[in-house]
Structures are given as C-alpha cells and as structure tokens.
Amino acid sequence: MTDPGLALYKMSLDDKNAFWGECAKLIDWYQPWETVLDESNKPFYRWFSQGKLNTCFNAVDRHVNNGRGEQLAIRYFSPVTDTEYAVTYAELQAQVSRLAGYMQSIGVTKGDRVVIYMPMIPETVYAMLACARLGAIHSVVFGGFAANELATRINDAKPKLVLSASCGVEPSGVVPYKPLLDKALQQSEHQPSNCLILQRSQYQAELQQPRDHDWQQSVCQAPAVDCVAVEATDPLYILYTSGTTGQPKGVVRDNGGHAVALAWSMKHIYDIQAGDTFWAASDVGWVVGHSYIVYAPLLVGATTVLYEGKPVGTPDPGVFWKTIERYQVKSFFTAPTAIRAIKREDPNGEFVAKADLTCLNSLFLAGERCDPDTLNWASEKLGKPVIDHWWQTETGWPVAANLMGVEQITIKPGSPARAVPGYQVEVLDEFGEQVSAGQSGNVAIKLPLPPGTLTTLWQNDKRYVDSYLSMYPGYYLTGDAGYMDEDGYLYIMSRIDDIINVAGHRLSTGRFEEVLCQHAAVAEAAVIGVDDNLKGQVPLGLVVLKNGVDISEDQLHKELVALVRQEIGPVAAFKLVSAVQKLPKTRSGKILRGTMRKIADNKDFTPPATIEDPQTLDLVRSALTRMGYADALLKQHA
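Numbered by full-length UniProt numbering, the letters in the sequence shown go through residues 1 to 638 in order.
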C-alpha cells in the first residue's frame, strides 16, 4: 500500500527542481524564475533565482482581485482590553497600502530596513505587510523587550524607520513601549530618521519632534500605493533569535522561497485552504507569529486569528477553547507550555467540556519538546488528533510533522513524526557518521535546505557558516540532539548543550523530563546537569505540581527518584529533585535550562531579555538551597 507522505518526501529529494517548481504554482509571479535551485555559490544556495514577485501582493491583493475582498482576513480578539473586531481582505488592502504610502513618502524604499516594536494588534500585521509591499526589510522586535536589547537590534539592522505603539497590555497591566523605545534610541549609535507611533487609549505617549509622528494622522493623509516587484532572493525580513547577547544573530528570510514553502505547508501540513480559519496562539515577535499568524494563512486566503492574551488568567483556562468555538477555528497551533498551563489549572478538562469544538480538526504543538503526558492529556480531553511537530526560528516552517493535508499517519507520543518533504534529516555521531535506529546523536539536515529556510545571518555570512555549517560539512547543524526509530520517526530529546554526561554515560535531559511528567502529581518538569566531583555531572530535577495536589516533599522525592530508577535505570544517578511554584521561561515558553545550570553551578549569569518572570530565578535558587546542593557549592567556592 502506497504511503502518500513518503511518496511526496521521496519526490522532494529525488528531483528538487521539479518538486519545488510545481509547488511554486501556489504563488503569483511577476516574472518566472530561471533556476529553481541555484547551486552556483555553495553553501549559499538560492531558490527561484531571477524570479520576481511581491509577498504582500500574494497575501492580500490577489485575493481582492479574485473577488474575495469581503472575506475575513483577520479576527482580532483582545481579552486584556476587551476588544474584538474583524478585518476583511479589502480593508486589509486599504490599511496596508496607505501605511506603505506613508512609508514611501518619507523615503522608505526597497532594501531599507524597518524595525517594528509593537503589541499583538492588527496594526502590527499592517506594518509587516506594508514593508513587504515596498520591498523594505522588516525586523520585528518582541513588544516590551528591554531597551538595551532593542538598541542592539537597531544598531545591527540600521533601520530608516521604527514603527511602534504607545504601549502593550499584559494581564498584569499596561506596559509603556514608547519610553523603552526612547531609551533604546538614546543608547543606539544608529538613529532612524523617523518613528511612527500608534497611540493606544490605555497610554498616551509623548512624541518628540521632528522625529516622531502620529500613526493615525500620518496614515490617513497618505496615498495608497501599489506593490513593488522584488527578486525572489531579496530579503523579506530579519528575525533576531531570542536570548541573543552581544552581537545579535539576525536570521534572514527571502521572499520567493518563503512564500512558496509557507503556502505549501498550510495545505499539506495544517490542512488549511482558502476560507478556513487558522489560529496560531503565539506572538508576532516570534517566528511562529511571522510564519503562521501573518504570512502563511494570508498567502492561502485563510482567516487568521490575532489574540492578545494568555492561555490562562484572561480570564480562565477555557479561553482558548471558547475562542476556537466562537471563530470556528479549523486548525489550532500553540506551544506545549500553554497546554501544560491549562492542564495545571484545569486537570480534569472541565473547561474543555464546556466548549463545542466540533469545528476543530487538529491541535498542533511546537516551540519546545512536547512530553508524551501533555500530548496524551490534550488528545484525551479534546478527542482530536494532537500533532507534535518540530522546527526552528532558522527553518521558518516545520522540519518534522504529520502531514494532515495528505494523510494522517500514526501518532507516536514523544515524536514529531517523520521529516517533512524537502528536509533530509539525519542523526550523526561526533565524527559525522549516521547512527543506527534508536541510537542518540546530533540532529542535522543535509544541504541544501529547502525553500523558506534561512539564507544567511544579517551581514554576517561567516557567522552563519561557523554557527550552522562548520561542524558537519554539507550539513546544517540544528543544535538539537535526538534519535530516529526504525520507522523514520524523529525524537528530539534536548538541545545538544542539554545532553549530560553522568560518569561517562550520555543522557538526555528530555528523557528525564518525560519520565517525571508521568507522575500523577506533576504538571511540568525541567532537568539540568549540575557539576559533581565524582561523576562529572548529575541530573537535577525541578517539577511544578498540578493545582490541588496534596503530597509531602519527602513522598514526592521518594516517588520521583523511584520512577526515574525504574524507567531509566540506576545509571541515571537521579537523587536531586524538588518542587517549585513556577519554572523560569522565555515569553515564548522555552524553559531557561542554561540559566538554571549557571545558578546551580554558582556561575555568573545575566537573566535573558526574553525572560517572562525574573522572580522565577529566585524560586530556583531557593529550591537548590533546600536540596543542599547550592549550599555545598557555596562552601566549595568560599
């Protein structure tokens, strides 16, 4: 019996030009390409050379031209400001073309950079699309980022214009953005000539003449302008990877390969067609927001949901499910962290049961490793396929996934399924040799990477090669460790840095976390390797308990140690574990294991700019002290 997914995969590797040339028909081109895959400057591969298109035209204007202007493009819902409205494709075109008209009037042209520092509101989508309309290169910086982090990105991108808003609104209250922007510009060597500021009712920003301009006034006076044709290989955007310190690492995405890959992925991976409603509950500051809130849904003519809120607390753990019901969302995408937060608040799924989720076909999870317990809980409560899939800021779209638009294959909890067409994924040892099925190694992707992936780092080709391509010539190093089973299913267990060496045994922190989450009392877990004089490193676990759980620290410790011994074995040397109220995470939900490791090993650290709650680091320090490990370290270093 033929497997359609495997047939597509084989085709994508056997004849890349034919496969991606066919996929490119999903996009409208001003001028067809001369070469699908240009290999003339390895390892800097280029897709659709000499082809000309415009990403904004493909995401907006062509749908209006095809008579679908009255279809909804955006559903905006903000429980934190109690605001809700919809934007049609025709309205989106009017807003974007006028904003682009203003930008053009102040001298923004093809190739200029524009920094966008804004909250989760429709104007942020307009801003990204207006840049694409002119061929300007946008760089979205997560709204509310610290001033010094914003300054480093302004210095690196050297924007002609900054688009911002007076404030963002979090469940904890209003976060003024303009004072942070002003402070960043005071620190920055590069000075943009203009800043366009959207005044929100929650906070009125002070505008500094002649640099600052009012968004509403400026845009309503601007003429509407048409799309500018750009080369397929021209940059669409720069996205700085989270947690960057010192010199920022700006991932560069092109126009042509990006549009083709995202349009293909919506149909084949997420099973979304024109007119369907898709919701990625992320933020436009992250790659998920770029790819699957803004560009991909609009490229295929779907309706995208833009949500300004949290999975819990705005107002309750049922808000996601009620929103899916209200907007008839067909496919929903969020992070495992969000599901774990919901599970912790609503372990029995009472809020899930209150919503009519007939419209929902599948839930997609990505952003960090999804432990089997979380996937199984969501699958059981929703009664829908829950698809763990894996990708990175650098790849821009999924590397491994269940192709829901082709044929759903068996779901194996703990695995994001098989490699997606275009990605030749291999697991390699330290010498670059493929390891056998079931054996752990470094996950790498054979070059060339498919369309839509990073083309380089902004103005730093050498760093691109050194960071990603130098360890295994001819391969892109993902930085993740894992294994592949005999069916070709990939298992991403941890970052390569999170492999710990216990008395010569290489063990994955992801496997420890998977086991700890099997315990009935545990909502989520983080495991790090800490220094040990005898074994080199030993694993240390921190767990967050489900709401309403009543278990003593001693009992919990005893049961968790026994569980790890049973599942992993005595080689794990697992004895250090404690409960904490909350784990330190980035705003996108990634657990800050590296920072925790530095605290445990008594090393200097700087809390990353992306941290959601700095107080969680104090909780970690207290837990380490309770276990006696930090005390021992302090005595060691005294």
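All C-beta atoms, glycine included, are put in the ideal place defined by N, C-alpha and C.
With 16 as the cutoff for other CB atoms within 10 Å, does residue i come out buried or exposed?
{"i": "Gly111", "result": "exposed"}
{"i": "Asp61", "result": "buried"}
{"i": "Gln93", "result": "buried"}
{"i": "Asn533", "result": "exposed"}
{"i": "Tyr102", "result": "buried"}
{"i": "Asn348", "result": "exposed"}
{"i": "Asn442", "result": "buried"}
{"i": "Asn17", "result": "exposed"}
{"i": "Ala437", "result": "exposed"}
{"i": "Asp466", "result": "exposed"}
What residue does the alpha helix (DSSP H) around residue i start on, and which one ends it?
{"i": "Phe320", "result": "Val319 to Tyr327"}
{"i": "Gln95", "result": "Tyr89 to Ser105"}
{"i": "Thr509", "result": "Thr509 to Leu516"}
{"i": "Gly594", "result": "Arg593 to Ala600"}
{"i": "Gln434", "result": "Run containing Gln434: none; DSSP gives neither H nor E here."}
Tell me the DSSP secondary structure of residue i in three-state form.
{"i": "His268", "result": "helix"}
{"i": "Val580", "result": "coil"}
{"i": "Pro614", "result": "coil"}
{"i": "Cys195", "result": "strand"}
{"i": "Lys16", "result": "helix"}
{"i": "Pro235", "result": "strand"}
{"i": "Ala222", "result": "coil"}
{"i": "Gln537", "result": "strand"}
{"i": "Val443", "result": "strand"}
{"i": "Ile499", "result": "strand"}
{"i": "Lys183", "result": "helix"}
{"i": "Asp429", "result": "coil"}
{"i": "Val300", "result": "coil"}
{"i": "Arg621", "result": "helix"}
Given a cut-off of 7 Å on the beta-carbon distance, is the pair residue i and residue j in contact?
{"i": "Ile238", "j": "Trp397", "result": "no"}
{"i": "Ala573", "j": "Val538", "result": "yes"}
{"i": "Ala521", "j": "Ile551", "result": "yes"}
{"i": "Gly285", "j": "Phe431", "result": "no"}
{"i": "Pro421", "j": "Leu8", "result": "yes"}
{"i": "Glu345", "j": "Val80", "result": "no"}
{"i": "Val219", "j": "Arg133", "result": "no"}
{"i": "Ala100", "j": "Val225", "result": "yes"}
{"i": "Thr109", "j": "Pro248", "result": "no"}
{"i": "Tyr464", "j": "Tyr476", "result": "no"}
{"i": "Tyr292", "j": "Ala274", "result": "no"}
{"i": "Ala184", "j": "Leu150", "result": "yes"}
{"i": "Tyr89", "j": "Gly67", "result": "no"}
{"i": "residue 653", "j": "Leu198", "result": "This structure cannot settle anything about residue 653, because the visible part of the chain is limited to 1 through 638."}
{"i": "Gly318", "j": "Lys343", "result": "no"}
{"i": "Met120", "j": "Ala165", "result": "no"}
{"i": "Ala261", "j": "Gly529", "result": "no"}
{"i": "Leu617", "j": "Pro570", "result": "no"}
{"i": "Asp82", "j": "Asn58", "result": "no"}
{"i": "Val502", "j": "Lys535", "result": "yes"}
{"i": "Tyr45", "j": "Ala229", "result": "no"}
{"i": "Pro192", "j": "Pro159", "result": "yes"}
{"i": "His258", "j": "Leu403", "result": "no"}
{"i": "Cys167", "j": "Gln208", "result": "no"}
{"i": "Gly144", "j": "Val175", "result": "yes"}
Return the first residue and the last residue of the beta strand (DSSP E) that residue i is part of.
{"i": "His557", "result": "Careful: His557 lies outside any beta strand (DSSP E), inside the alpha helix (DSSP H) at Glu553 to Glu567."}
{"i": "Met118", "result": "Segment: none, Met118 is in no beta strand (DSSP E) and carries neither H nor E."}
{"i": "Arg75", "result": "Leu72 to Ser78"}
{"i": "Leu37", "result": "Thr35 to Asp38"}
{"i": "His63", "result": "That residue, His63, is in no beta strand (DSSP E); its alpha helix (DSSP H) goes Arg62 to Asn65."}
{"i": "Ser362", "result": "Ser362 to Leu365"}
{"i": "Asp214", "result": "Asp212 to Asp214"}
Please return the same chain residues whose Cβ sits closer than 8 Å to the Cβ of residue i, not counting the five positions on each side in sequence.
{"i": "Asp3", "result": "Glu407 and Ile409"}
{"i": "Phe320", "result": "Ala281, Pro311, Phe332, Thr334, Ala338 and Ile342"}
{"i": "Ser12", "result": "Phe19, Trp20, Pro421, Gly422 and Pro450"}
Cutting at 7 Å between CB atoms, please list the residues of its own chain near residue i, excluding the five before and the five after it.
{"i": "residue 696", "result": "Limits of the chain in this structure are 1 at one end and 638 at the other, which puts residue 696 out of reach."}
{"i": "Thr241", "result": "Lys249, Val251 and Thr393"}
{"i": "Met627", "result": "Leu576 and Ser578"}
{"i": "Leu556", "result": "Ala521 and Ala579"}
{"i": "residue 720", "result": "Because the chain in this structure spans residues 1 to 638, residue 720 falls outside the shown range and cannot be described."}
{"i": "Glu513", "result": "Asp371, Ala525, Ala526 and Val527"}
Using a Cβ-Cβ cut-off of 6 Å (strictly less than) and excluding sequence neighbours within five positions of residue i, which residues of its own chain qualify?
{"i": "Asp234", "result": "Asn255"}
{"i": "Cys517", "result": "Asp371, Asp373 and Ala525"}
{"i": "Gly482", "result": "Val443, Tyr491, Ile492 and Met493"}
{"i": "Ile116", "result": "Ala127, His138, Val140 and Leu163"}
{"i": "Lys381", "result": "Gly349 and Val352"}
Please determine whether the Cβ atom of residue i lies at a distance below 6 Å from any heavy atom of the ligand PLP.
{"i": "Val620", "result": "With respect to the ligand PLP, the structure offers nothing, as it holds no ligand at all."}
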